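See structure below.
Protein chains: 2
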Amino acid sequence: MVANTALLTAVSVLSLTAAQTFQRLGGCPTLGCVLPPDQTDFLAGQYFDIRLEVHAPVNGSEANGGVPDTNFVFTIAKKDGGPQPAATFFKVAEPALETWNFTWFEDLFAQELKQPSLVQVASKAYRRVALYEPGEYAATLTYYNGTNTTANWLVRPIQQQKKAKNVILFIGDGMTTNMITAARLIGHKSINGKYQSRMQMDKFPVLGHQMTHSLDSYMTDSANSASALYSGHKSTVNAMGVYADSSADAFDDPKVETIVELLTRIWGCAIGVVSTAFLADATPIALTGHTRTRAAYAPLIDQSLRGVQNYTWTNYTGADVFFGAGAEQFYPGTTSYQGKDYYQEYANAGYSVSLNKTSLLSVPNTQKALGVFSTSSLPVWLDRNVYKNYLNTTTNHPSGNKEPALDLPGLKEMTLKAIDILHERGGEKGFFMMSEAASIDKQMHALDYDRALGDLLELDDTVKATIEKLTQMGLINDTLIIVTADHGHGFDVYGSADTKYLASKSSDREKRNAIGIYQNSGLSQYTVPNASVSYDTGVNFPVNWDPRYTLAQGVGAMPDHRENYRVHKDAPRLAATNITGKPIDDFYANPKDNPDGILVNGTLPTHEAQGVHSLTDVPVFAMGPCQELFAGVYGNIDVFFNMANCLGLGRPDDKPGVLGASGSGSGPVATSASADPVTRTQRGMWFGMLVFMRSIGWVALNL
Amino acid sequence: MVANTALLTAVSVLSLTAAQTFQRLGGCPTLGCVLPPDQTDFLAGQYFDIRLEVHAPVNGSEANGGVPDTNFVFTIAKKDGGPQPAATFFKVAEPALETWNFTWFEDLFAQELKQPSLVQVASKAYRRVALYEPGEYAATLTYYNGTNTTANWLVRPIQQQKKAKNVILFIGDGMTTNMITAARLIGHKSINGKYQSRMQMDKFPVLGHQMTHSLDSYMTDSANSASALYSGHKSTVNAMGVYADSSADAFDDPKVETIVELLTRIWGCAIGVVSTAFLADATPIALTGHTRTRAAYAPLIDQSLRGVQNYTWTNYTGADVFFGAGAEQFYPGTTSYQGKDYYQEYANAGYSVSLNKTSLLSVPNTQKALGVFSTSSLPVWLDRNVYKNYLNTTTNHPSGNKEPALDLPGLKEMTLKAIDILHERGGEKGFFMMSEAASIDKQMHALDYDRALGDLLELDDTVKATIEKLTQMGLINDTLIIVTADHGHGFDVYGSADTKYLASKSSDREKRNAIGIYQNSGLSQYTVPNASVSYDTGVNFPVNWDPRYTLAQGVGAMPDHRENYRVHKDAPRLAATNITGKPIDDFYANPKDNPDGILVNGTLPTHEAQGVHSLTDVPVFAMGPCQELFAGVYGNIDVFFNMANCLGLGRPDDKPGVLGASGSGSGPVATSASADPVTRTQRGMWFGMLVFMRSIGWVALNL
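Sequences listed follow chains A and B, in order.
Residue numbers for the first sequence follow the working numbering, so the first one is 1 and each next one is one higher.
Residue numbers for the second sequence follow the working numbering, so the first one is 1001 and each next one is one higher.
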């Protein structure tokens, strides 16, 4: 935001300085808020909503009397043009005024003293508008007798030509270059420093890095990073497909159109969503979800089938392929939307429904397909392929019958089947698929490095199999394949651990001398055959997950925990537990986890039981049409804009695309009419219980 | 190595399994050793030595009687050709037999019990040979009545055409993508997630990743990683320009020709070496150094001026530019080679000699130039530009007079002056320069993240200024610029720290709640102007190094230490100290470092006072001629092969190159004559004291 008065500048600096751990509202450092905020980029023709807020703090460092200006004015000006009232500019009716209040804490001291700041708000929202003419715009909110907040917007060039028939976007959730390096080391044999085989990702011709900085925080989560990748709009933690506003309703925040919605509207492509997470989890659901509250799982699953219902938006009637886990939102009960049976809802909409691998592999390629293979997230590759006993202890059957789910597909099986369906259903229009290796992230959170790296190797194996399949199908030259991540974890390998020596010592300081660094790290023992071990897991996976000399590996951000550097054979790791027995979370090293390990005290708040995301840029591997767009360093939103460019989604009007039509010339400059908001659904109230999270922070669980 | 008998295979697996923390000899898993070992790649025409060893363990798991076979036979066979005795193949005299013995520990238990294994050795060395014909070779050592060890060698294609006039190789020592991300965050302002300026590296058109796996360990150091970058040959920790053998002499190990030696021999280019480290440090000195003992600083400085003297090798008479620190090896005394005055030795060889920035900027561009600006490494950017009081406490004057060095250049001043000299002296032949930001690594070792990131920003500023200067000089299109690293550290940022809240709490667990994660990380406060702070350090550096809300950052590999997440204003950080007072190193958190911080207990051996290197692939940024070669993922040796390709260094004969001559055709296939070894100098004995390090490991200090 550009604050145009000296007064506002002072306030702005004050609030920037004070508001760090907590913020009054992301994207709104001044008392006047324009969402989408300053520095937003738009795809030409992309639908979005606008939310204006005028804040009147009642108390706290910004207190101004607590009466918000309800006579605020909002104008849009194209560069070198005069400002027009927004309703005129967008040819829509002036929206109704809304008012509410909210509270927040100015810092940790205020939180500790239980002294929240109260803010009164006056607001308006413009629904489903678009900017069709490329260039720079100034969106200016005027309030409090002439104070201005200007959001400078940029509409990217029109790109109407569809250059790739298909796009496959693989997301290794939380995957960093460091993890790829470690996975290569345990899955691929090297001799005298030269690898004898390579990761499939290593063979991609183009490499880039994407910067994951969020709208209001340099640390992102999987919801708002997914939105950046899917819509070109950064958001705030927990938000997807919207800019988070301060109202109570988590489903009235200003929306942005996603790549799936654009592709459906413009080209009618087939759409595939595949994930090893529960399908309501951020990365898969952000393709269609619009809420600032990612934990609103049940209504998000409804949106995945029916699209946005509570405001006029683009029509969306479900993906062609929807494969993953999270049966809790599908079988009828307290965790499904309005208690309904979403297996039945999907079936009613014409979907085949698979609840196990056998069924998955046999469903027709001509029909839309839902596959839900377990509750929660799918068991990870290591448990499905190596330490299988754990599966028998689970209660994750997708029927909800509390039996174990044992007939389970992996990412590869789901992805390859998805390609068959998408190719069949997309026809000449092609397809878009997002395929997510979710538990790289989930197991890194748990400090279960072996399980994380196993799922990374499964992702790479899936990419390899995908390329082979597309080659066989004759589609490889028509398909843009991207492999990237949404954010990182600060993981790295720093040596080897002689686990025998470590276990033989009794004190932490003696145990630490088991770590070999530099030349004492030696070579990967995960690739050395051991006659007593055979997993039959195929090439390019470790032949021994439990060698004497393991990787010494870890993160810089952690709860209290113990490390013995050995694989966890019985079940996924639980590094820290709340041993106090008090209801308030207060985590210590889990006494049952690696009792023979080295105690490492944490560097995170004591209410965190897991590791957290990190800042690092993440890699982007690209091959196929438009691959050259993905070289170098750029923002995560550019992944969207590059895909949109390659898919011809930047449009001068709101008409569908015509395959084979040439050109990306600057078409007629039109601004679309926006429809008035329709009635809000009960979603907002259903999730009133979740709203309080925004003022008290939230509990990190597999973000 | 490929072991061709069942017996040897069994032994090989045994030694691979047993030898992890310590190894009998890197690159030699069997009892017969060929150096260069299996899987070595060569540049066509590159000089190298060959070392053969037959090992006879007296005791330990491999004991075979302790009598090495002195009648071993060594042959070379080009693929599809018959084997020839090596002396015949290379047209050299049969080398003399050598014998010695050495000891090593099979594992930590053996070390603890002080039970070394003794190995008797029979050996030969072929000196200064070359392979001129591209393709595959089998180098086979036959010993112990028919046991074979075969090294499969690959000679890369001939590339004779010089496509780039100049090459500038910037090395950020220890620099990772994670650190670049953090440096961008503190040096570049962002608004709502969009950076308003970018790192110069971010603007490079081509990005790659290089894999840093060493010859005998997956963890590398700056010596053998430098050799990989400079010669295309991986080696072992502490070794540069050689494959480490097991003999006592640290200067008789088999050598490989470096890019600087090749360029001097083939094109006569001007050569520049610039570093913020002491010039005898691994990264600058590995351009000309050939030893397995990087700590042999004094003789390495002699090699930098005179080249290799103790064996027939290529002529080398010093770089055109040699700028850095490490005056201890230059002023006469106990730390200079043979007590000589290397300022005078260089001056006698025609060099201008600068000992401060004022002098540096005024030396003629026509003359070879030595610049040594302090003892040890140069004070870092943060101390030279922000917290300058520290400089007055130093005793680092390059004269050795124990006064502070205050008239100090930075990496940018050294690099820009170097370009002037190199352009003048290189003329039509062009130049090669390596410019190193050394203290990214050194300060990461010290867990002094602010100083490390400051030097990373200085590197980026230097790259930016270099591009501007080359553009002004009309050289930008003729110059390949590479920015990369030699290895990483497992560093990342994971949130923010409210340092005021942290300091206000008394217990570690309360202090930890000062860490803000995800949305509570907020925005970078390093870019928010503070009226009370002004450093005048130019654009794209932090405007406030000491904000209330700092980066929460760290590593997974560490000694015991305390974190308060604040900049260390008084001096570079000393995180851990030997508080026991015993002569044996036993490090605990330094009680004087961040006494108000959170205690984090270590994950490294207790004899380590610093952080260590990590596994991660490191980024490569490239622009200019041949930039396309640097896309994707490849080995660190490919950085050398790509530069050599671009510089036309792959030759079919040992003749100098002719500028303007076309073609890279397969010229006449010749094998050069090797000269016999000349007398060994006293270097080996001078460093006998250092040899014991190989069996007991070494102390990590700024590797």
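C-beta atoms are modelled at their ideal positions from N, C-alpha and C, and glycine is treated no differently.
Remember, it's a predicted structure, so these values are computed and weren't measured experimentally.
Classification of residue i by the beta-carbon crowding that lies within 10 angstroms, buried from 16 upward
{"i": "E136 of chain A", "result": "exposed"}
{"i": "V678 of chain A", "result": "Interpretation of V678 of chain A is limited by its pLDDT of 32, a score under 50 that renders its predicted location unreliable; the figure taken from the coordinates is listed afterwards. Exposed."}
{"i": "A280 of chain A", "result": "buried"}
{"i": "P409 of chain A", "result": "buried"}
{"i": "Q1303 of chain B", "result": "buried"}
{"i": "Q20 of chain A", "result": "buried"}
{"i": "E628 of chain A", "result": "exposed"}
{"i": "H1561 of chain B", "result": "buried"}
{"i": "P595 of chain A", "result": "exposed"}
{"i": "L1453 of chain B", "result": "buried"}
{"i": "P398 of chain A", "result": "buried"}
{"i": "Q1682 of chain B", "result": "At Q1682 of chain B, the pLDDT of 36 sits below 50, so the modelled position is not reliable and the matter cannot be decided from this model."}
{"i": "V720 of chain A", "result": "This structure does not reach residue 720 of chain A, given that chain A is present from 1 up to 703, and the question cannot be answered."}
{"i": "K723 of chain A", "result": "Shown here, chain A extends from 1 to 703; a query on residue 723 of chain A therefore has no answer."}
{"i": "I1584 of chain B", "result": "exposed"}
{"i": "L1362 of chain B", "result": "The sequence given here places Ser at residue 1362 of chain B; Leu does not occur at that position. When all chains shown are included, S1362 of chain B counts as exposed."}
{"i": "M1558 of chain B", "result": "buried"}
Beta-carbon neighbours of residue i, restricted to chain B and to distances below 8 Å
{"i": "E563 of chain A", "result": "T1603"}
{"i": "N614 of chain A", "result": "One point to set straight first is that residue 614 of chain A is Ser, not Asn, in the sequence displayed. Per Cβ cutoff of 8 Å: N1178, D1492, V1493, Y1494."}
{"i": "N642 of chain A", "result": "Chain B residues near N642 of chain A: none, gap ~15 Å exceeds 8 Å."}
Proximal residues of chain B, C-beta to C-beta of residue i below 9 Å
{"i": "F22 of chain A", "result": "G1516, Q1519, N1520, G1522"}
Under 7 Å from the C-beta of residue i: neighbouring residues of chain B
{"i": "T394 of chain A", "result": "Residues of chain B passing the Cβ test: none, with the nearest at roughly 29 Å."}
{"i": "Y218 of chain A", "result": "L1185, S1521, L1523, S1524"}
{"i": "Y549 of chain A", "result": "Q1020"}
{"i": "F204 of chain A", "result": "G1632"}
{"i": "V600 of chain A", "result": "N1601, T1603"}
{"i": "I704 of chain A", "result": "A question about residue 704 of chain A goes unanswered here, because the residues of chain A that appear run from 1 up to 703."}
Integer Cβ distance of residue i from residue j, believed to fall under 8 Å
{"i": "G289 of chain A", "j": "G324 of chain A", "result": "14 Å between Cβ atoms; not a contact."}
{"i": "L551 of chain A", "j": "Y565 of chain A", "result": "7 Å"}
{"i": "F1048 of chain B", "j": "V1129 of chain B", "result": "6 Å"}
{"i": "A1056 of chain B", "j": "P1068 of chain B", "result": "4 Å"}
Beta-carbon neighbours of residue i, restricted to chain A and to distances below 8 Å
{"i": "Y1137 of chain B", "result": "None at all; the shortest Cβ gap to chain A is about 15 Å."}
{"i": "N1513 of chain B", "result": "L108, P605, T606, H607"}
{"i": "D1498 of chain B", "result": "Q20, T21, D107, L108"}
Under 9 Å from the C-beta of residue i: neighbouring residues of chain A
{"i": "F1247 of chain B", "result": "Before going on, a small fix: residue 1247 of chain B reads as Ser here, not Phe. Within chain A, no residue comes near S1247 of chain B; the closest Cβ sits about 17 Å away, beyond 9 Å."}
{"i": "K1234 of chain B", "result": "N192, G193, K194"}
Per-residue contacts from residue i into chain A (C-beta, under 7 Å)
{"i": "R973 of chain B", "result": "Here chain B covers residues 1001 to 1703 and nothing more, so residue 973 of chain B does not appear."}
Do the stretch 1092–1099 of chain B and the stretch 1147–1158 of chain B touch if we need at least three Cβ pairs shorter than 8 Å?
no
What are the residues in the stretch 104–121 of chain A lying within 9 Å of chain C by C-beta distance?
Absence of chain C from the displayed structure is noted, the protein chains being A and B.
Is the stretch 1387–1394 of chain B touching the stretch 1222–1235 of chain B, taking contact as three or more C-beta pairs under 8 Å?
no
Identify every run of the beta strand (DSSP E) within the stretch 1415–1474 of chain B, keeping only runs that are complete inside it and at least 3 residues long; order them along the chain.
1431–1437
For the 8 Å Cβ check, are there 3 or more pairs between the stretch 526–535 of chain A and the stretch 1137–1145 of chain B?
no
Does the stretch 412–423 of chain A come close enough to the stretch 450–470 of chain A to have 3 or more Cβ pairs within less than 8 Å?
yes
Quick check: the stretch 1534–1550 of chain B against the stretch 247–261 of chain A, are at least 3 beta-carbon pairs closer than 8 Å?
no
Specify whether the stretch 606–624 of chain A and the stretch 119–133 of chain A touch according to this definition: at least 3 beta carbon pairs, one from each stretch, less than 8 Å apart.
The answer is no - the stretch 119–133 of chain A does not touch the stretch 606–624 of chain A, with fewer than three Cβ pairs under 8 Å.
Check whether the stretch 1428–1435 of chain B touches the stretch 1271–1278 of chain B, counting contact only when three or more Cβ pairs, one atom from each stretch, lie closer than 8 Å.
yes
Would you check if the stretch 497–512 of chain A and the stretch 342–350 of chain A touch, i.e. whether three or more CB-CB distances between them fall below 8 Å?
no
Sequence ranges, beta strand (DSSP E) only - wholly within the stretch 289–361 of chain A, length at least 3:
321–325, 352–354
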